[in-house]
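K.L.:
4 protein chains.
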Amino acid sequence: MIHIDLRSREPIYEQLVNNIKELIFSGILQSDEKLPSVRELASQLTINPNTIQKAYKELENLGYIYSARGRGNFVMPVDDKSGGENSVELLNKITELVKEANYVGISKKFIIKIIDDVYRKNIDKGGIE
Amino acid sequence: MIHIDLRSREPIYEQLVNNIKELIFSGILQSDEKLPSVRELASQLTINPNTIQKAYKELENLGYIYSARGRGNFVMPVDDKSGGENSVELLNKITELVKEANYVGISKKFIIKIIDDVYRKNIDKGGIE
Amino acid sequence: MIHIDLRSREPIYEQLVNNIKELIFSGILQSDEKLPSVRELASQLTINPNTIQKAYKELENLGYIYSARGRGNFVMPVDDKSGGENSVELLNKITELVKEANYVGISKKFIIKIIDDVYRKNIDKGGIE
Amino acid sequence: MIHIDLRSREPIYEQLVNNIKELIFSGILQSDEKLPSVRELASQLTINPNTIQKAYKELENLGYIYSARGRGNFVMPVDDKSGGENSVELLNKITELVKEANYVGISKKFIIKIIDDVYRKNIDKGGIE
DNA sequence: GTGGTCTAGACCACC
DNA sequence: GTGGTCTAGACCACC
């Protein structure tokens, strides 16, 4: 489920962080579900355990998982997700990329279609309006 | 017009690249317009000229500017922009961020509004559908 | 009366120790009062009995409880409390935190108010001046 | 200025974090002042550079310093200090410790004296009332 | 020179 | 078995 590209410029631990965020956002990893143990994932991906540890620590700092010594790492339930990346920051990033999309000639219609697809698959959770 | 934050995690040269991309996307810098010279910008921002040079080189590789030896650096006209960042990659980035927005509870309506704003301000350039 | 958060960074046994210290400080658990048995508390909190045992052992070392083989664990009377955590260490911790409070802009008045509240509720026991 | 006890139960990196926080709170390290480089501090304390790096990273996460690749680590100015440890959390910690102080027989007068000392030395910065 | 990433491998703390 | 800390040492990215 997790794919690491050793040749990528993106650090391995960051690829891990993004991969796991993806699994959480798409609902493949559910609230309070246990992640593979540090050693297990390390041997499975043939990556050093320290690197996995670093990725898990980062995910914890971002508020996506919590870690329990002696038990494992688990997905942080959505409602408890605090201290995570700021929504404002997230919206700024989206705005920047949409500006760029417009500049390089991608139509508004096309962008809207992407939004439709994402919210159809994962069901709109409502919230901030 | 360009603002560098020395405290940011983002490398200075990367901040420069993004700042200038922003100026181009928003139309403040027009096609074939001349950018400030490396030395000029360096002294103006009190930043090492090597860092400016690196940013310009990066912008050239991305297809946003071209450099004319002995004359300076200029904004690449839109239609000529080739070898620039891949549209597919850009759309993937947007998709990822929209998934995250949905996950953290930002409504579809809200995202659509952002898209509307961007395309209204900069005028929809049509293109890829 | 005892609440354990499995998601907390704080080890479970340490949460237990702090919870019980709290109950003692606030007078809910009185001198020589019997604590729940290891097994009882374990099943009540659905936590491994070894973990409860470890917390009780720690409380004993800190001088807050004593154990009577075959009878159970009991709250150590205040005057007998010896070998407990050092007062100097405690005062050092408080000093550090107050320095930080000042640094982040919390006013002296506000801190004094907290002290007032604590000593009003629990009645000032006098002692070290 | 920094003193590490290798025999302590407290992890080295955490001792470093606390030591440096102390230096910042007491004003010995000023806003935007450069910290010793990772390697420099490592060789000075005969500690592995990775451990220093970890401490600096933690201080960055807590909002006390910022890091600039190729230039060094610097003290975060107070007004910008955001995402740092929560004031509420800090006040809770203080309350708990004061309760304990009362329980072990330390007088209110004595605690107030400590507060006085801290706010006299560092000058009351006012703020939250 | 400065911070950042990664591996290999040891050892500790918690459950 | 599980996460967490630490060392030794290599190599990369930025300024």
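From first to last, the protein sequence lines are chains P, E, V and F. Under the working numbering, the first residue of the first sequence carries the number 93, and numbering increases by one thereafter. Under the working numbering, the first residue of the second sequence carries the number 93, and numbering increases by one thereafter. Under the working numbering, the first residue of the third sequence carries the number 93, and numbering increases by one thereafter. Under the working numbering, the first residue of the fourth sequence carries the number 93, and numbering increases by one thereafter. Idealized CB from N, CA, C, for every residue including glycine. Since the model is a prediction, treat every value here as computed from it, not as a measurement.
Using DSSP with H/G/I as helix, E/B as strand and the rest coil, what is Tyr156/E?
P.N.:
Position 64 of the second sequence, counting from 1, holds the residue named residue 156/E. If DSSP states are grouped into helix, strand and coil, Tyr156/E belongs with coil.
K.L.:
I'd like to know whether the C-beta atoms of Ile157/V and Val170/V end up nearer to each other than 8 Å.
P.N.:
The residue labelled residue 157/V in the question sits at position 65 within the third sequence. The residue labelled residue 170/V in the question sits at position 78 within the third sequence. No; because the gap between Cβ atoms is not below 8 Å, this pair is not in contact.
K.L.:
I'd like to know whether the C-beta atoms of Asn139/F and Val130/F end up nearer to each other than 8 Å.
P.N.:
Taking the first residue of the fourth sequence as 1, we reach residue 139/F at position 47. Taking the first residue of the fourth sequence as 1, we reach residue 130/F at position 38. Inspection of the sequence shows that residue 139/F is occupied by Ile rather than by Asn. Contact flag unset, no.
K.L.:
Excluding sequence positions up to five away, which residues of its chain have a Cβ less than 6 Å from the Cβ of Asn165/V?
P.N.:
Along the third sequence, one-based indexing puts residue 165/V at 73. Once the five neighbours on either side are set aside, the close Cβ partners of Asn165/V are Leu127, Tyr148, Ile157, Ser159.
K.L.:
Along chain E, in chain order, which residues have C-beta atoms closer than 9 Å to that of Ile206/P?
P.N.:
Here the question's residue 206/P lines up with position 114 in the first sequence. Ordered by position in chain E, the residues that pass the 9 Å Cβ test against Ile206/P are Leu183, Ile186, Thr187, Val190.
K.L.:
Around the C-beta of Gln136/F, are 16 or more other C-beta atoms found within 10 angstroms, so that it is buried, or is it exposed?
P.N.:
Numbered from its first residue, the fourth sequence carries residue 136/F at position 44. Exposed, because fewer than 16 other Cβ atoms sit within 10 Å of the Cβ of Gln136/F.
K.L.:
Sort Leu108/V, Glu192/V, Thr187/V by Cα distance to Val180/F and report the nearest one.
P.N.:
Your numbering for residue 180/F matches position 88 in the fourth sequence. For Val180/F, the nearest C-alpha among the options comes from Glu192/V.
K.L.:
Please determine, among Arg212/V, Val210/V, Leu98/V, Leu189/V, the residue with the shortest C-alpha to C-alpha distance to Ile207/F.
P.N.:
To locate residue 207/F, count along the fourth sequence from 1; it is residue 115. Looking at the Cα atoms, Leu189/V is the closest of the given residues.
K.L.:
With a threshold of 8 Å between beta-carbons, can Gly175/E be considered close to chain P, or not?
P.N.:
On the second sequence, residue 175/E is found 83 positions in, with the first residue counted as 1. A caution first: Gly175/E carries a pLDDT of 46, below 50, which makes its placement in the model unreliable, though a value can still be read off. Not an interface residue.
K.L.:
Once you ignore the five residues that flank Gly175/P on each side, which residues in its own chain have a CB closer than 7 Å to its CB?
P.N.:
As a working mapping, residue 175/P is identified with position 83 in the first sequence. Note that Gly175/P has pLDDT 49, beneath the 50 cutoff, so the model's placement of it is unreliable and the number below is only indicative. Around Gly175/P: Gly155.
K.L.:
Under 8 Å between beta-carbons, which chain P residues line up against Ser118/E? List them in chain order, please.
P.N.:
Along the second sequence, read from residue 1 onward, the residue named residue 118/E stands at position 26. Neighbours of Ser118/E on chain P, chain order: Lys191.
K.L.:
Can you tell me where the beta strand (DSSP E) holding Asn178/P begins and where it ends?
P.N.:
Looking up residue 178/P in the first sequence gives position 86. Unbroken run through Asn178/P: none, as it is neither H nor E.
K.L.:
Apart from the five residues just before and just after Glu152/F, which ones in its own chain have a Cβ nearer than 8 Å to its Cβ?
P.N.:
If you number the fourth sequence from 1, residue 152/F lands on position 60. If we look at Glu152/F and ignore the five residues flanking it on each side, its Cβ neighbours are Tyr158, Ser159, Asn165.
K.L.:
Checking contacts by CB at 8 Å: is Leu121/V closer than that to chain P?
P.N.:
Start at 1 with the first residue of the third sequence, and residue 121/V comes out as number 29. Using beta-carbon distances, Leu121/V does not count as an interface residue toward chain P, since no partner is under 8 Å.
K.L.:
So is Leu98/V in contact with chain P if we call contact Cβ pairs under 8 Å?
P.N.:
Residue 98/V sits at position 6 when you count from the first residue of the third sequence. It does: the Cβ of Leu98/V has a partner Cβ on chain P nearer than 8 Å.
K.L.:
Against chain P, with Cβ distances strictly below 8 Å, would Pro103/V count as a contact?
P.N.:
Numbered from 1 along the third sequence, position 11 holds the residue referred to as residue 103/V. Answer yes: the Cβ-Cβ gap between Pro103/V and chain P drops below 8 Å somewhere.
K.L.:
Keeping to the same chain, check which residues put their C-beta closer than 6 Å to that of Asn110/F; ignore five residues upstream and five downstream.
P.N.:
Stepping through the fourth sequence from its first residue, residue 110/F is reached at position 18. Correct list: empty, nothing qualifies.
K.L.:
Quick one, which residues of the segment 152-170 of chain F are near chain E if we go by CB-CB under 9 Å, in chain order?
P.N.:
Glu152, Tyr158, Ser159, Ala160, Arg161, Gly162, Arg163, Phe166, Met168, Pro169
K.L.:
Looking at the C-beta of Val210/F, does it have a partner C-beta in chain V at a distance below 8 Å?
P.N.:
For the purposes of this step, residue 210/F is identified with residue 118 of the fourth sequence, where counting begins at 1. At least one chain V Cβ lies under 8 Å of Val210/F.
K.L.:
Start and end of the alpha helix (DSSP H) containing Val109/V?
P.N.:
Translated into the one-based positions of the third sequence, residue 109/V becomes position 17. Going by DSSP, Val109/V is part of the alpha helix (DSSP H) stretching over 104-117.
K.L.:
Do Gln107/V and Ser118/V have their C-beta atoms within less than 8 Å of each other?
P.N.:
Counted from its first residue, the third sequence places residue 107/V at position 15. Counted from its first residue, the third sequence places residue 118/V at position 26. Not a contact, by the Cβ cut-off of 8 Å.
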